[in-house]
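Chemist:
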């Protein structure tokens, strides 16, 4: 029996070799590099180096963009999902919305940036229409696509659909009996939401929020194509560091990458924990 | 009252999603002064760089799918058949690419496989291509594995295997002509998703300096006005095409299953 178990291992050796060589080892290499000085000795100096104002600023703005786009993505996505699941909107809207969400949640990257430049850039369609129809010049009012709000607005294009994809099954899992039971006991619609539905959905909402946060935190291509290097969020700065060592310290670069893993890792951990809590109600 | 709120959310969201699409199409037609024309598309399609990078990315995407299938199908099958206790571990590994940002993974590649390392893949163009291919297969791993594993869950893997073995089939035969055809729908949906991810991928290709479509789009975006919008329309159409076919396949597979 023991020897049979031993042979069975062989079947997943190709997979483990692949994952080891192209996923685990490269990541470990960066993590180890974050704790080494150029001579290869253990040090915490690189992590301490992350406290420099430039890097702290980049993490701060990255976290702000991710929080804003995750929060708005959750709110708008939830509203749209709730509208189709229980809001009395005709049924035929649901299938196209889900299909579109499946596509749009994967439509990140360079073309997305182009789409928003063509729409909300200085000569974009919406910018021009607002000017011509309503006399509103959003750029004179201080709006800039290459800024915090511009980036957040662009990220929402893949954040909202992701929220819709994840939260719709959770909303459908709300049992009819719960609402009926609440109504029998005299609860208003608002009370039902506040005291029954939202507490049940809360882990799902929080988990999806964490997932959305990680999703936008690691996004490089959209931001790079949109802002070039004018908005120094973490992935953009890391990109510049890998290309040309802008921090003038390779090991500080590893520390920065390690910081990124920590943030996305924590967000994903929150997602996993919340999802397992949410599943208690979904049986 | 409730209905008004619902319609409000749908209309608001619908506008948010539609306007950038309309804006992009409109912008891409604006190249000629004073009238709409397809000049931007003509200019893009006539660019030899476009053709070179686009075909490079298409080939990479197809190879990614092949590599992904070769790695994922036997593994998922074997884990279900013989190592069910390891399933959570394998699943965890396949989900790692969603946790570790691609930029960190490729940073690791550059450090691990540089010219002074044991395996100097970045030293030659073909070595770097291979590295990028493996990177893409890594990016596609979560989607591919989940699709195939879901496909396998609808089969009685053990009985199928025993039946095939009693008829004298070997492992390659079992996986190639029994398991693979049975999960083909799942494999296809994973494949189209991988295709959509790889075709416009920017970060890995740019940092490994490969002439892929993503970096080309970025470069064009930094230097031209109208062509990027045309490219965005083309890229969006390609993504839609992939996803549409994928949904069609999964729906057809679903129909076939319920019909049984």
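Protein chains in written order, with our numbering: chain A, 1209 to 1491; chain B, 9 to 268.
The C-beta atom is built at its ideal place from N, Cα and C for all residues, glycine as well.
Using C-beta distances below 8 Å, list every residue in its chain close to residue 1269 (chain A), excluding the 5 sequence neighbours before and after it, in chain order.
Modeler: Mapped onto the first chain, residue 1269 (chain A) falls at position 61. Excluding positions up to five away in sequence, the list reads 1356, 1439, 1440, 1441.
Chemist: By Cβ distance, which residues of its chain are closer than 8 Å to residue 1315 (chain A), with the 5 residues on each side in sequence left out?
Modeler: Stepping through the first chain from its first residue, residue 1315 (chain A) is reached at position 107. Here the set comprises 1365, 1366.
Chemist: Mark residue 1462 (chain A) as exposed unless 16 or more other C-beta atoms lie within 10 angstroms of its C-beta, in which case mark it buried.
Modeler: As a working mapping, residue 1462 (chain A) is identified with position 254 in the first chain. Classification of residue 1462 (chain A): buried, given that the 10 Å Cβ count is 16 or more.
Chemist: For residue 1332 (chain A) versus residue 31 (chain B), is the C-beta spacing smaller than 7 Å?
Modeler: As a first step, residue 1332 (chain A) is located in the first chain; it is residue number 124 there, counting from the start. As a first step, residue 31 (chain B) is located in the second chain; it is residue number 23 there, counting from the start. Going by C-beta atoms, residue 1332 (chain A) is nearer than 7 Å to residue 31 (chain B).
Chemist: Output needed for residue 248 (chain B): all residues of its chain with C-beta closer than 8 Å, excluding positions within five of it in sequence on either side, in chain order.
Modeler: Translated into positions along the second chain, residue 248 (chain B) becomes position 240. Taken in chain order, the list of residues that qualify is empty.
Chemist: Quick one: which residues of the segment 113 to 129 of chain B get their C-beta closer than 9 Å to a C-beta of chain A? List them in chain order.
Modeler: Cβ contacts with chain A come from 113, 114, 115, 116, 117, 118, 119, 120, 121, 127.
Chemist: Using a beta-carbon distance cut-off of less than 7 Å, what residues from the segment 233 to 266 of chain B approach chain A?
Modeler: 236, 237, 239, 240, 243, 244, 247, 248, 251, 255
Chemist: Who are the Cβ neighbours of residue 1278 (chain A) in its own chain at under 6 Å, not counting the five residues just before and after it?
Modeler: In the first chain, residue 1278 (chain A) corresponds to position 70, counting from 1. Here the set comprises 1417, 1420, 1421.
Chemist: Taking buried to mean at least 16 other C-beta atoms within 10 Å of its own C-beta, is residue 157 (chain B) buried or exposed?
Modeler: Indexing the second chain from 1 puts residue 157 (chain B) at position 149. With 16 or more Cβ atoms within 10 Å of its Cβ, residue 157 (chain B) is classed as buried.
Chemist: Report yes if the CB atom of residue 141 (chain B) is closer than 7 Å to the CB atom of residue 1450 (chain A), and no otherwise.
Modeler: Within the second chain, the letter at position 133 stands for residue 141 (chain B). Within the first chain, the letter at position 242 stands for residue 1450 (chain A). For residue 141 (chain B) and residue 1450 (chain A), no; Cβs fall outside 7 Å.
Chemist: In three-state DSSP terms, what is residue 1425 (chain A)?
Modeler: What you label residue 1425 (chain A) is simply residue 217 of the first chain in a count that begins at 1. If DSSP states are grouped into helix, strand and coil, residue 1425 (chain A) belongs with the helices.
Chemist: To the nearest whole angstrom, what separates the beta carbons of residue 76 (chain B) and residue 148 (chain B), a pair I think is in contact under 8 Å?
Modeler: Locating residue 76 (chain B) in the second chain gives position 68, where the first residue counts as 1. Locating residue 148 (chain B) in the second chain gives position 140, where the first residue counts as 1. Going by Cβ atoms, the distance from residue 76 (chain B) to residue 148 (chain B) rounds to 5 Å, so yes, they are a contact pair.
Chemist: Please determine, among B:196, B:178, B:181, the residue with the shortest C-alpha to C-alpha distance to residue 70 (chain B).
Modeler: Sequence index remark: in the second chain, residue 70 (chain B) carries index 62 (1-based). Considering only B:196, B:178, B:181, the residue with the shortest C-alpha distance to residue 70 (chain B) is B:196.
Chemist: Looking at the structure shown, is residue 1417 (chain A) part of a helix, part of a strand, or coil, going by DSSP?
Modeler: Residue numbering aside, residue 1417 (chain A) sits at position 209 when the first chain is read from its first letter. Here residue 1417 (chain A) sits in helix by DSSP.
Chemist: How big is the Cα-Cα spacing for residue 1243 (chain A) and residue 1254 (chain A)?
Modeler: For the purposes of this step, residue 1243 (chain A) is identified with residue 35 of the first chain, where counting begins at 1. For the purposes of this step, residue 1254 (chain A) is identified with residue 46 of the first chain, where counting begins at 1. Going by the C-alpha atoms only, they are around 7 Å apart.
Chemist: Does the beta-carbon of residue 86 (chain B) have 16 or more other beta-carbons within 10 angstroms, so that it is buried, or is it exposed?
Modeler: Here residue 86 (chain B) refers to the residue found at position 78 when the second chain is read from its first residue. With 16 or more other Cβ atoms within 10 Å, it is buried.
Chemist: Would you decide whether residue 267 (chain B) is buried or exposed? Buried here means 16 or more other CB atoms lie within 10 Å of its CB.
Modeler: Against the second chain, residue 267 (chain B) aligns to sequence position 259. Because the pLDDT at residue 267 (chain B) is just 48, under 50, the model does not fix this residue reliably, and the point stays unresolved.
Chemist: For residue 1222 (chain A), tell me which candidate among B:82, B:198, B:146, B:73 has the shortest Cα-Cα distance.
Modeler: For the purposes of this step, residue 1222 (chain A) is taken as the residue at position 14 of the first chain. Closest by alpha carbon: B:82.
Chemist: Using a C-beta to C-beta distance shorter than 7 Å, which residues of chain B count as neighbours of residue 1227 (chain A)?
Modeler: Residue mapping note: residue 1227 (chain A) aligns to position 19 of the first chain, counting from 1. Result: 101.
Chemist: Helix, strand or coil: how does DSSP classify residue 1456 (chain A) here?
Modeler: Taking the first residue of the first chain as position 1, residue 1456 (chain A) is located at position 248. Of the three classes helix, strand and coil, the one that applies to residue 1456 (chain A) here is coil, per DSSP.
Chemist: Verify the contact flag: residue 1406 (chain A), CB atom, against every heavy atom of the ligand SAM, threshold strictly below 6 Å.
Modeler: Among the ligands in the structure shown, none appear at all, so the ligand SAM cannot be discussed.
Chemist: Which residues in chain B sit within 7 Å of residue 1311 (chain A), going by Cβ to Cβ distance?
Modeler: Residue mapping note: residue 1311 (chain A) aligns to position 103 of the first chain, counting from 1. Correct list: 247, 248, 251.
Chemist: Is the distance from the Cβ of residue 1328 (chain A) to the Cβ of residue 1353 (chain A) below 7 Å?
Modeler: Sequence index remark: in the first chain, residue 1328 (chain A) carries index 120 (1-based). Sequence index remark: in the first chain, residue 1353 (chain A) carries index 145 (1-based). Yes, they are a contact pair.
Chemist: Please look up how many angstroms separate the CB atoms of residue 109 (chain B) and residue 1472 (chain A), rounded, as I've assumed it's under 8 Å.
Modeler: The sequence position of residue 109 (chain B) within the second chain is 101, counting from 1. The sequence position of residue 1472 (chain A) within the first chain is 264, counting from 1. Contact holds; Cβ gap of about 6 Å.
Chemist: Could you check whether the segment 1379 to 1389 of chain A touches the segment 1227 to 1241 of chain A, counting it as contact only if at least three pairs of C-beta atoms, one from each stretch, sit closer than 8 Å?
Modeler: No, they do not touch.
Chemist: Within 7 Å (strictly less), CB to CB, does residue 1231 (chain A) reach chain B?
Modeler: Here the question's residue 1231 (chain A) lines up with position 23 in the first chain. Output row for residue 1231 (chain A): interface = yes.
Chemist: What did DSSP end up calling residue 210 (chain B) once you bin it into helix, strand or coil?
Modeler: To locate residue 210 (chain B), count along the second chain from 1; it is residue 202. Of the three classes helix, strand and coil, the one that applies to residue 210 (chain B) here is coil, per DSSP.
Chemist: Enumerated in chain order, which unbroken segments of the alpha helix (DSSP H) with a length of 4 residues or greater are wholly contained in the segment 166 to 249 of chain B?
Modeler: 179 to 182, 192 to 207, 211 to 215, 221 to 231
Chemist: Taking only beta-carbon positions, decide if residue 173 (chain B) is within less than 7 Å of chain A.
Modeler: As a position in the second chain, residue 173 (chain B) is number 165, starting the count at 1. So no, residue 173 (chain B) is outside the interface.
Chemist: Using a Cβ cut-off of 7 Å, pull out every chain A residue sitting near residue 107 (chain B), in sequence order please.
Modeler: As a working mapping, residue 107 (chain B) is identified with position 99 in the second chain. Result: 1472, 1473, 1476.
Chemist: I need the DSSP call for residue 107 (chain B), collapsed to helix, strand or coil.
Modeler: Position 99 of the second chain, counted from the start, is the residue given in the question as residue 107 (chain B). Residue 107 (chain B): helix per DSSP, three-state reduction.
Chemist: Please classify residue 251 (chain B) as buried or exposed, where buried requires at least 16 neighbouring CB atoms within 10 angstroms.
Modeler: For the purposes of this step, residue 251 (chain B) is taken as the residue at position 243 of the second chain. Around the beta carbon of residue 251 (chain B), 16 or more other beta carbons sit within 10 angstroms, so the residue counts as buried.
Chemist: The alpha helix (DSSP H) spanning residue 1335 (chain A) covers which residue range?
Modeler: To locate residue 1335 (chain A), count along the first chain from 1; it is residue 127. From DSSP, the alpha helix (DSSP H) with residue 1335 (chain A) extends over 1333 to 1342.
Chemist: Kindly list the residues whose CB is nearer than 6 Å to the CB of residue 1443 (chain A), restricted to its own chain and excluding five residues on each side of it in sequence; keep chain order.
Modeler: Residue numbering aside, residue 1443 (chain A) sits at position 235 when the first chain is read from its first letter. Excluding residues within five positions, the ones whose Cβ falls inside 6 Å are 1428.
Chemist: Would you kindly work out how many angstroms separate the C-alpha atoms of residue 90 (chain B) and residue 1227 (chain A), rounded to a whole number?
Modeler: As a position in the second chain, residue 90 (chain B) is number 82, starting the count at 1. As a position in the first chain, residue 1227 (chain A) is number 19, starting the count at 1. Rounded to whole angstroms, residue 90 (chain B) to residue 1227 (chain A) spans 20 Å at the Cα level.
Chemist: What are the boundary residues of the alpha helix (DSSP H) that includes residue 1380 (chain A)?
Modeler: As a first step, residue 1380 (chain A) is located in the first chain; it is residue number 172 there, counting from the start. Segment 1356 to 1380, the alpha helix (DSSP H) holding residue 1380 (chain A).
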